[in-house]
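Below: the structure, in structure tokens.
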Amino acid sequence: MADRQSGGSPSWASLLGIGIACAVMVSVGLGLGWLLDDQLGTMPIFVMTGLAAGLAGAGTYTVVQFRKYLS
71 MADRQSGGSP
81 SWASLLGIGI
91 ACAVMVSVGL
101 GLGWLLDDQL
111 GTMPIFVMTG
121 LAAGLAGAGT
131 YTVVQFRKYL
141 S
């Protein structure tokens, strides 16, 4: 039960892991979008697409992780 504190709430380590995973997803999306835009010369298109994909992935990951503690 290392992921839960007493009362069924997530531990600080679990919350930190979720935060780091979200930051990585958004950063990877932005980075890949920037690289594609730099290579293709279409600056805002893939950066915005990468940002949207990173945010969608981070949001989905957060919801999935927190559902474990709601049940």
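Whatever position you read off the sequence shown (first residue = 1), add 70 for our numbering.
Beta carbons are placed, not taken as given, at the ideal position from N, Cα and C, and that holds for glycine.
Note that the structure is a prediction, hence the values are computed from the model and not measured.
Provide the residue span of the alpha helix (DSSP H) that contains Ser84, from first to last.
In the sequence shown, residue 84 corresponds to position 14, counting from 1. It spans Trp82 to Leu110 - the alpha helix (DSSP H) in which Ser84 sits, taken as one unbroken run.
Inter-stretch contact (C-beta, 8 Å, three-pair minimum) for the region 103-120 and the region 83-94:
By the criterion of at least three beta-carbon pairs nearer than 8 Å, the region 103-120 is not in contact with the region 83-94.
Proximity test, Thr119 beta-carbon vs the ligand PLP heavy atom, cut-off 7 Å:
Ligands in the displayed structure: none, and consequently the ligand PLP is not present.
Is Ala83 buried or exposed, if buried means 16 or more other CB atoms sit within 10 Å of its CB?
Start at 1 with the first residue of the sequence shown, and residue 83 comes out as number 13. By the neighbour-count definition (other C-beta atoms within 10 Å, threshold 16), Ala83 is an exposed residue.
Residues of its chain near Thr132, where Cβ-Cβ distance is below 7 Å and the 5 sequence neighbours each way are ignored
Numbered from its first residue, the sequence shown carries residue 132 at position 62. Closer than 7 Å at the Cβ level, and outside the excluded window around Thr132, lie Ile88 and Cys92.
With respect to the alpha helix (DSSP H) encompassing Gly78, which residues constitute its N-terminal and C-terminal limits?
Taking the first residue of the sequence shown as position 1, residue 78 is located at position 8. Run containing Gly78: none; DSSP gives neither H nor E here.
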